[in-house]
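In the working numbering, the protein residues as written are 101 to 343. Notes follow once the structure below has been shown.
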Amino acid sequence: MNRRALLTAAATGVLLAGCGRTRPPRVRLADGEVGGFYHAFTALLARAAAEAGTVAIEPVATAGSSTNLAMLDTGAVDAALTLADSVDGHSDRLLALGRVYENYLQLAVRHAGPITRLTDLRGARISLGAAGSGAALTGDRLLRAADLDPATDVTVVHLPLPDAVAAIADGTVDALLWAGGVPTAALPDPTAAALTELLLTRADQLIPTEAAGTQFLDQRALIGTDGLSLHPAAARVYRHHHG
């Protein structure tokens with residue numbers, strides 16, 4: 101399993117229309133659930149973009165990776181954050197702008213409860229992330245790796261994080277799993293380059309306070325996109341800065 105998060109854009113399609121010459125390009129960026137790292141990161145990126153004035157970012161809150169990729173496929177958004185795990189079947193239509201942070205898959209249970217290992221989940225009721233999230237996809241794989249059939253050995257529900265936390269607190273679920281891209285509209289080279297410049301030059305502004313010391317953005321991390329090709333404009337920016 102791969103817990104790296106990528107910032108991706110559609111690889112094919114027509115250029116965006118409607119951007120005036122005097123205004124920076126606008127990018128609809130699919131992030132994740134409110135309260136999660138994707139959402140916090142995108143808010144910081146949008147703020148850095150506003151300060152730079154080279155690109156305008158419109159954050160779009162979603163359930164997570166799978167929803168983001170579907171929205172990218174249909175052209176509902178121009179760029180998206182996604183788990184590297186989730187791009188299977190999409191990678192031929194995507195280009196990466198950069199790997200933005202390490203994503204940690206977290207399984208939470210009640211303190212002092214009977215569940216202390218994955219195999220203890222047999223017979224349990226578990227929330228595998230919100231429907232359409234990367235956690236939902238990876239969670240299914242995780243259960244199967246522990247020889248648990250998601251269809252018969254556990255009762256799976258899909259709840260947004262706040263609802264899942266409330267459910268585990270009141271005992272209606274026993275565990276929760278949380279993880280903190282047909283022709284579509286293409287991300288034009290100047291827009292992709294502007295986003296990549298922000299990732300490189302505003303890195304110190306893009307780490308939420310609660311993640312300080314555990315998340316880092318640098319050239320080496322950003323280009324480690326796990327086999328997904330870099331957007332050509334992003335590659336040019338990286339070469340310009342570091343050769």
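Backbone N, C-alpha and C define an ideal beta-carbon position, used for all residues, glycine too.
Euclidean distance between Cα positions of residue i and residue j
i: residue 183; j: residue 168; result: 10 Å
i: residue 199; j: residue 323; result: 6 Å
i: residue 355; j: residue 196; result: The requested residue 355 does not occur in the structure, where the chain is confined to residues 101 to 343.
i: residue 321; j: residue 208; result: 28 Å
i: residue 274; j: residue 137; result: 24 Å
i: residue 188; j: residue 163; result: 18 Å
i: residue 185; j: residue 145; result: 23 Å
i: residue 108; j: residue 211; result: 38 Å
i: residue 148; j: residue 139; result: 14 Å
i: residue 281; j: residue 330; result: With a pLDDT of only 27 at residue 281, under 50, the local geometry of the prediction cannot be trusted, and the value read off the model is given with reservation. Those two C-alpha atoms are separated by around 14 Å.
i: residue 286; j: residue 181; result: In this prediction, residue 286 has a pLDDT of 45, which is less than 50 and means its spatial position is unreliable; nothing more can be read from the coordinates.
i: residue 222; j: residue 232; result: 24 Å
i: residue 342; j: residue 335; result: 10 Å
i: residue 193; j: residue 174; result: 12 Å
i: residue 300; j: residue 272; result: 44 Å
i: residue 338; j: residue 229; result: 34 Å
i: residue 243; j: residue 325; result: 26 Å
i: residue 179; j: residue 291; result: 10 Å
i: residue 165; j: residue 258; result: 14 Å
Rounded distance between the beta-carbons of residue j and residue i, thought under 8 Å
i: residue 250; j: residue 240; result: 5 Å
i: residue 141; j: residue 248; result: With 8 Å as the limit, residue 141 and residue 248 do not qualify as a contact, their Cβ atoms being about 32 Å apart.
i: residue 317; j: residue 333; result: Contact doesn't hold; Cβ gap of about 18 Å is too wide.
i: residue 254; j: residue 226; result: 5 Å
For residue i, the nearest candidate out of the options (CA to CA)
i: residue 298; options: 278, 279, 319, 309; result: 319
i: residue 260; options: 278, 185, 214; result: 278
i: residue 205; options: 124, 238, 153; result: 238
i: residue 177; options: 220, 132, 202, 341; result: 132
i: residue 235; options: 224, 339, 203; result: 203
i: residue 152; options: 123, 134, 173; result: 123
i: residue 224; options: 265, 230, 301, 276; result: 276
i: residue 135; options: 244, 335, 309; result: 309
i: residue 246; options: 217, 174, 170; result: 217
i: residue 289; options: 154, 242, 229; result: 154
i: residue 213; options: 165, 171, 258, 268; result: 268
DSSP beta-bridge partners of residue i
i: residue 157; result: 127
i: residue 223; result: According to DSSP, which records beta bridges pairwise, residue 223 is partnered with nothing at all.
i: residue 206; result: 278
i: residue 257; result: 227
i: residue 330; result: 196
Interface flag, residue i vs chain B, CB-CB below 7 Å
i: residue 155; result: Reference to chain B is not applicable here, since this structure consists of a single protein chain.
Residue i Cβ short of 6 Å to the ligand FAD heavy atom set
i: residue 296; result: Looking at this structure, you won't find the ligand FAD or any other ligand, since it has none at all.
* Asked: Counting pairs of beta carbons, one from the stretch 157–166 and one from the stretch 120–134, are three or more of them closer than 8 Å?
  -> yes
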